[in-house]
Amino acid sequence: MLSFSRGRSGEPAQRRALVALTSLFLLVASLALVTLPSGQPAYGASASLAVSPATYVGGQRLTWTGNVGAPGVRSLALQFHMGRPGDTWTTVAGFGAKTRADGSFSFAYPAPGMFNIRYRVKAGSHVSPSKLFLAKTQDLTLRVTGQRENNSGTPALVPADEPFGITVDTTPDNIFRSPSSQGLPVFPGRTLTLQRRIDGDTWRAVATTKVGDDGLGRFTGLTRPSGVSVFRVREEDYRQDGNEIGWTQSFPLFVYVGTDAWAQYDRQQLAARATPSLPPGDSASFGSGAPTPTASERYGWYPLYWDFAWEHGQSLTGGPARGTRPRGHWVDYVDGAGRVSKQNGQLALDSKRFYGAGPGDFGSTRATLTGNAVAQGRWEARMRIRGAYETGGRAYGVRAELVPEQTSGRACNSRTIEIASISPFSRKVRFGARSAKYRWSGAATASATPLHSAYAVAVEVAKGHITWFLDGKPVGSVTDRAAFPGVPMTLRLTLTGQGREEMNQVSLVSDWQRGFPLASGRQTISRDKLKRQPANGC
11 MLSFSRGRSG EPAQRRALVA LTSLFLLVAS LALVTLPSGQ PAYGASASLA VSPATYVGGQ
71 RLTWTGNVGA PGVRSLALQF HMGRPGDTWT TVAGFGAKTR ADGSFSFAYP APGMFNIRYR
131 VKAGSHVSPS KLFLAKTQDL TLRVTGQREN NSGTPALVPA DEPFGITVDT TPDNIFRSPS
191 SQGLPVFPGR TLTLQRRIDG DTWRAVATTK VGDDGLGRFT GLTRPSGVSV FRVREEDYRQ
251 DGNEIGWTQS FPLFVYVGTD AWAQYDRQQL AARATPSLPP GDSASFGSGA PTPTASERYG
311 WYPLYWDFAW EHGQSLTGGP ARGTRPRGHW VDYVDGAGRV SKQNGQLALD SKRFYGAGPG
371 DFGSTRATLT GNAVAQGRWE ARMRIRGAYE TGGRAYGVRA ELVPEQTSGR ACNSRTIEIA
431 SISPFSRKVR FGARSAKYRW SGAATASATP LHSAYAVAVE VAKGHITWFL DGKPVGSVTD
491 RAAFPGVPMT LRLTLTGQGR EEMNQVSLVS DWQRGFPLAS GRQTISRDKL KRQPANGC
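Structural data, given as structure tokens:
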């Protein structure tokens, strides 16, 4: 307890002590403010996160700036969240940066290729606000110079043996396929390669040019004899100035050369219009939901051989993101109007450029993994139908399958394992195996159609069995040794058409594709056994 006594001035001693203490505190505080390092506040700034530029594609160099909300030099972790039910914050492996003394940060890191994904920066217990990322999807359109640009796959008509040009638009705002490909950034000086189709597997380089400041590229002095020539343009890797943007390619441009070819096109159009095409009764676009379970998680297949996740600026010829056998790449096959590309962090197969109903869906489109085949192992992929705007006509065969690595076609003498065959408006998922003499067929029912839910489809090829999985559950097995391929197998995604016949429009996307060894986890044999039947042709 304080006691009061009077000094010589009559002022209480306690009051004099309080005044002295207050003066001392103010002096110390003022000295502390004077001696702070330049630019460092006494308290941490508000936590923040921003990136620039505001418009970007996957793999583009972004500058990330902000503050973790507390002073001090700390190591940073970069984290992302997919935003789906059940997802958690995941730390980006291999990232390294530090805050400044005032808690602020600035670093360069490539843009994610996905949209509707959130990132945040974390330093110990201090976390920046999260930021929603909406990457643009690379796209480019082609037209014969001087002719009308279109989004419906209408071919160009040119005279035989007379010069013509092809104009490429790398920022096609007027005929964009979706908002994600509208308002694309321009990369002046980026290389464009014009290719001409020899067959579904082979495209021959014709010429190169550069993207101009207006986002356009121009090829001149082209001539072709009478007939039909098919071109596409590849926008090459862009890896300067800190960018890590992989190449992408256009849809095919059909050029009908000469009057006989023009007449042929007229006949094809009449045939296409005669094919019944009706809008679907079900929703034609994908509805998101919680990711379905996977067999690899349920049965402990990790660590994985390889994982193609398409998270940033990868191209088809880029390697897997991770794994103990991180090798191999994808090759495309297109003999019609389709395209294989990367779309919003996914591998995409489209039947034509126009994302809707109408003619122009024909031929087959395939994506095949090469350079990482094994005779025994496990394969798993997430697959869904992104869009299907026609019904009533001929349906594409939409499949994930294993094929011998040396087999490019679906030959009858090929040993093929069908991991999953799906249809946009059905919950039925078919699977099986085929040899030259026999086939084994099974089917399972998913909880929703592939328009409304992405399936996790998988197969386990072991010494004494083949087992198929749907959304983490075994749905069928074969123990008949006649079904075992006995050769290195590789993964293939396919839209199988019927030559020039008009098909129903469809778009297949696969979020990721993964391979696993047999040595880890538990091998599984389903109670449902597939029976051997005669192959009866292809």
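Under the numbering used here, the residues of the sequence shown are numbered 11 to 548, in order.
A virtual CB, placed ideally from N, CA and C, is assigned to each residue, including glycine.
Residue i to residue j span [Cα, whole Å]
i: Ser190; j: Ala64; result: 14 angstroms
i: His475; j: Pro434; result: 30 angstroms
i: Arg409; j: Ala358; result: 13 angstroms
i: Lys174; j: Arg242; result: According to the sequence as given, residue 174 is Phe; it is not Lys. Each residue's Cα considered, the two are about 15 angstroms apart.
i: Leu528; j: Asp521; result: 23 angstroms
i: Asn160; j: Asp224; result: 19 angstroms
i: Gly328; j: Ala118; result: 21 angstroms
i: Thr506; j: Thr426; result: 15 angstroms
i: Gln356; j: Pro122; result: 12 angstroms
i: Phe479; j: Asp183; result: 42 angstroms
i: Gln192; j: Lys541; result: 51 angstroms
i: Ser48; j: Ser56; result: For Ser48, the pLDDT reaches just 32, beneath the cut-off of 50, and the residue's location in the model is therefore unreliable, leaving the point undetermined.
i: Asn546; j: Ser260; result: 38 angstroms
i: Thr455; j: Asp538; result: 14 angstroms
i: Pro195; j: Thr201; result: 15 angstroms
i: Gln278; j: Trp272; result: 10 angstroms
i: Leu61; j: Glu321; result: What sits at residue 61 in the sequence shown is Val, not Leu. Approximately 18 angstroms between the Cα atoms of the pair.
Delimiting residues of the alpha helix (DSSP H) encompassing residue i
i: Ser306; result: 305-308
Residues that residue i bridges to, as DSSP identifies them
i: Val67; result: Lys146
i: Val519; result: Ala358, Arg394
i: Val137; result: Lys132
i: Phe318; result: Gln523
i: Glu245; result: Leu202, Thr258
i: Trp74; result: Val61, Phe117
i: Val240; result: Phe264
i: Val384; result: Met499
Boundaries of the beta strand (DSSP E) in which residue i is found, first to last residue
i: Asp211; result: Per DSSP, Asp211 belongs to no beta strand (DSSP E) and is neither H nor E.
i: Phe115; result: 114-120
i: Leu167; result: 166-168
i: Phe257; result: Checking the sequence, you will find Trp at residue 257 rather than Phe. Careful: Trp257 lies outside any beta strand (DSSP E) and carries neither H nor E.
i: Thr552; result: For residue 552 there is no data in the structure shown, the boundaries of the chain being 11 and 548.
i: Ser351; result: 349-352
i: Gln89; result: 87-91
i: Lys438; result: 438-444
i: Glu470; result: 465-471
i: Asp342; result: 339-344
i: Val61; result: 58-62
i: Trp450; result: 448-455
i: Pro484; result: 483-488
i: Gly231; result: 226-232
i: Ile8; result: The requested residue 8 does not occur in the structure, where the chain is confined to residues 11 to 548.
i: Phe105; result: No beta strand (DSSP E) contains Phe105, which DSSP labels as neither H nor E.
i: Gly79; result: Neither: Gly79 is in no beta strand (DSSP E) and is coded neither H nor E.
Residue closest to residue i, alpha-carbon to alpha-carbon, out of the options
i: Gln205; options: Val178, Pro122, Gly199, Gly222; result: Val178
i: Val488; options: Lys108, Pro460, Thr534, Gln523; result: Thr534
i: Pro198; options: Thr218, Phe372, Leu226; result: Leu226
i: Leu461; options: Arg396, Phe115, Asn161; result: Arg396
i: Lys220; options: Lys483, Arg376, Thr302, Phe229; result: Phe229
i: Met556; options: Tyr309, Pro301, Pro195, Val216; result: This structure gives no information on residue 556, because the portion of the chain shown stretches from 11 to 548.
i: Trp311; options: Leu480, Arg524, Gly407; result: Arg524
i: Ala367; options: Arg283, Trp272, Phe105, Gly381; result: Arg283
i: Gly68; options: Gly531, Ala271, Gly252; result: Gly252
i: Glu470; options: Thr269, Phe186, Val485; result: Val485
i: Glu411; options: Ala430, Trp272, Ala398; result: Ala430
i: Pro544; options: Tyr448, Ala472, Phe364; result: Tyr448
i: Gln324; options: Gly407, Thr334, Trp340; result: Trp340
i: Ala453; options: Ser445, Ala446, Ser463, Val467; result: Val467
i: Phe494; options: Ser457, Gly442, Met124, Leu503; result: Gly442
i: Tyr343; options: Ser536, Ala133, Leu503; result: Leu503
i: Tyr66; options: Leu59, Met124, Thr98; result: Met124
Burial state of residue i (16 or more Cβ within 10 Å)
i: Ala166; result: buried
i: His136; result: buried
i: Ser40; result: Caution is warranted here: a pLDDT of 38 is assigned to Ser40, below 50, making its placement in the model unreliable, and the coordinate value is therefore given only provisionally. Exposed, since its Cβ has fewer than 16 Cβ neighbours within 10 Å.
i: Pro330; result: buried
i: Gly416; result: Looking at the sequence shown, residue 416 is not Gly but Gln. By the neighbour-count rule (16 or more Cβ atoms within 10 Å), Gln416 is not buried but exposed.
i: Ser351; result: buried
i: Asp112; result: buried
i: Lys362; result: buried
i: Gln515; result: buried
i: Val519; result: buried
i: Gly346; result: buried
i: Leu86; result: buried
i: Gly93; result: exposed
is_contact[residue i, chain D] using C-beta, thresh 8 angstroms
i: Gly402; result: In the structure shown, chain D cannot be found, because there is only a single protein chain.
Residue i: CB within 7 angstroms of a non-hydrogen atom of the ligand PLP
i: Gln250; result: Ligands are entirely absent from the displayed structure, and the ligand PLP is therefore not among its contents.
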